[in-house]
Structure formats: structure tokens, C-alpha cells
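**Q** Please read through the structure below; I'll follow up with questions.
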Amino acid sequence: MKNIYLSLILFLTIIIMSCGSSESPTPVVINKPSKEVIAEKIWEEFDISAEGNNMQEMKYSMKNIQVKEGSWVRINLKNEGVDPAMIHNLLVINYGTRAEVAQMAIEAGVEANYIPDSEDVIAASKLAQPGETITFEFKAPPKNNYEFFCSYPGHAQMMRGYFFVK
Ligand SMILES: [Cu+2]
Numbered sequence: 002m003k004n005i006y007l008s009l010i011l012f013l014t015i016i017i018m019s020c021g022s023s024e025s026p027t028p029v030v031i032n033k034p035s036k037e038v039i040a041e042k043i044w045e046e047f048d049i050s051a052e053g054n055n056m057q058e059m060k061y062s063m064k065n066i067q068v069k070e071g072s073w074v075r076i077n078l079k080n081e082g083v084d085p086a087m088i089h090n091l092l093v094i095n096y097g098t099r100a101e102v103a104q105m106a107i108e109a110g111v112e113a114n115y116i117p118d119s120e121d122v123i124a125a126s127k128l129a130q131p132g133e134t135i136t137f138e139f140k141a142p143p144k145n146n147y148e149f150f151c152s153y154p155g156h157a158q159m160m161r162g163y164f165f166v167k
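Heads up: the sequence shown runs through residues 2 to 167, numbered per the working numbering.
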């Protein structure tokens, strides 16, 4: 009987020892920073008003927008119009494509917020009704010159400006 106990103890000891030296090594503790390092987004924010109450007076309050490459852009488009016909958006597009994108926007229609499915559209806001402010965000495209404009039918000529990424 004693021998059985001894055998059992020996057997258990072997099991415990073999567990201790099992193949999976004990995890190596590396000095981890308490928080993961996340690259901070650099934001460039602009408040742009759409002013005027008719087709002759309507305009953006900014003509030029300049941002740094790699930054994130937040545009607060405030429609200051009161006339129900004054509906606006803001599209950032590749330089020189305004006429083409404006035409595509009309074809895209109001359901699409007059935002055409085009590679020339870098970023776009939804339509802002009179009195409404629409905020939209996007990562600045590569260093280059771009344009912005309102793609609501008939507004592209009056409501436009330049978007520079430096
Ligand atoms: Cu407009």
C-alpha cells in the first residue's frame, strides 16, 4: 500500500515537473506603454457660409482654402440663405474638372445630394437647406491644387473657390 502511495506521489511529481517545463514558454513581459500609440490626427477646421438669397448674390464666404498635406479637414458649411430656393452643398474636386463634375451632378440628381460618383470628387457635403449647417470631414488629398464648388443646379459658376494642399 505504501508503495502505491509512493508511486502515485512520484507519478504526480513527474507530471507537475513536466508541466513546469512544458514547451510553451512563459510569456516574456515587455515594457509596454500603458496606451497604444496612435498617430494623432491634425485637424484643420473651416467655417464657410453660403451667403446671398438669389442666383446673382449667392456665394461662399471663403474663396481659398489651404491645408497641410496629411491633415484632416473639417468643413462646417453654414447655409445663411432664407429663400427656399437657396440650397447648397460643397464639393472638393480635382482641379479643372468643375464643368464636367457639375454636369454629372445634375445627372446624379437631388437623391444623391448632387454628388456624382466620380473619381474627380475628393469630398462632398450633403445638401444644406436654408438655415442649416452641414459638417463634413475628410483626409486632405495629396499635395496639389484642387477646387471646390456648389453642385446644386445653376450654382457652379457663382459658388466656387480653390482648395490648396501644401
Ligand atoms: Cu449653391
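Yeah, the Cβ is synthetic: ideal placement off N, Cα and C, and Gly gets one too.
Return yes when the Cβ of K144 is within less than 8 angstroms of the Cβ of K167, no when it is not.
**A** Position 166 of the sequence shown, counted from the first residue, corresponds to residue 167. Position 143 of the sequence shown, counted from the first residue, corresponds to residue 144. Taking 8 angstroms as the Cβ cut-off, K167 and K144 qualify as a contacting pair.
**Q** What do you reckon, is the C-beta of A51 under 7 angstroms from a heavy atom of ligand 2?
**A** Only ligand 1 can be found as ligands here, which leaves ligand 2 out of the picture.
**Q** Run the CB neighbour count on N146, radius 10 Å, all protein chains shown included, and call it buried at 16 or more, exposed below.
**A** To locate residue 146, count along the sequence shown from 1; it is residue 145. Exposed.
**Q** Taking the alpha-carbon positions, what's the V74 to E46 distance?
**A** The sequence position of residue 74 within the sequence shown is 73, counting from 1. The sequence position of residue 46 within the sequence shown is 45, counting from 1. Taking the straight line joining both Cα atoms gives about 6 angstroms.
**Q** Got a sec? Which residues, its chain only, sit under 7 angstroms from Q67 by beta carbon, not counting five neighbours each side?
**A** Here the question's residue 67 lines up with position 66 in the sequence shown. Result list for Q67: F165 and K167, in chain order.
**Q** Taking 8 angstroms as the limit between beta carbons, can you name the residues of its chain near N90, skipping five residues before and five after?
**A** Position 89 of the sequence shown, counting from 1, holds the residue named residue 90. Closer than 8 angstroms at the Cβ level, and outside the excluded window around N90, lie L78, N114, Y115, I116, A125, S126, K127, L128, A129, I135, C151, S152 and Y153.
**Q** DSSP on P83, reduced to helix/strand/coil?
**A** Within the sequence shown, residue 83 is the residue found at index 82, counting from 1. For clarity, residue 83 is Val in the given sequence; the question names Pro instead. Reduced to three states, the DSSP call for V83 is coil.
**Q** Under the criterion of a Cβ to heavy atom distance below 7 angstroms, does M63 qualify as lining ligand 1?
**A** On the sequence shown, residue 63 is found 62 positions in, with the first residue counted as 1. No, since every heavy atom of ligand 1 falls outside the 7 angstroms radius drawn around the Cβ of M63.
**Q** Output the distance between the C-alpha atoms of N80 and A51, rounded to the nearest integer angstrom.
**A** Locating residue 80 in the sequence shown gives position 79, where the first residue counts as 1. Locating residue 51 in the sequence shown gives position 50, where the first residue counts as 1. Whole-angstrom Cα-Cα distance: 5 angstroms.
**Q** Within 10 angstroms of its Cβ, does V93 collect 16 or more other Cβ (buried), or is it exposed?
**A** In the sequence shown, counting from the first residue as 1, residue 93 sits at position 92. It is buried - the Cβ of V93 has at least 16 other Cβ atoms within 10 Å.
**Q** Among G110, T98, I76 and M87, whose alpha-carbon lies nearest the alpha-carbon of E120?
**A** Here residue 120 refers to the residue found at position 119 when the sequence shown is read from its first residue. Comparing Cα-Cα distances from E120 to each of G110, T98, I76 and M87, the minimum goes to T98.
**Q** Could you have a look at K60 and say whether DSSP puts it in helix, strand or coil?
**A** On the sequence shown, residue 60 is found 59 positions in, with the first residue counted as 1. Three-state DSSP puts K60 in a strand.
**Q** Classify Y96: buried if its beta carbon has 16 or more other beta carbons within 10 angstroms, exposed otherwise.
**A** Locating residue 96 in the sequence shown gives position 95, where the first residue counts as 1. Exposed: under 16 other Cβ atoms inside 10 Å.
**Q** For S23, which residues in the same chain have their Cβ closer than 7 angstroms to its Cβ, ignoring the five residues on either side in sequence?
**A** Mapped onto the sequence shown, residue 23 falls at position 22. Because the pLDDT of S23 is 49, which lies under 50, any placement of that residue in the model is unreliable, and the question is left without a value.
**Q** In three-state DSSP terms, what is Q130?
**A** The residue you call residue 130 lines up with position 129 of the sequence shown. Correct three-state label for Q130: coil.
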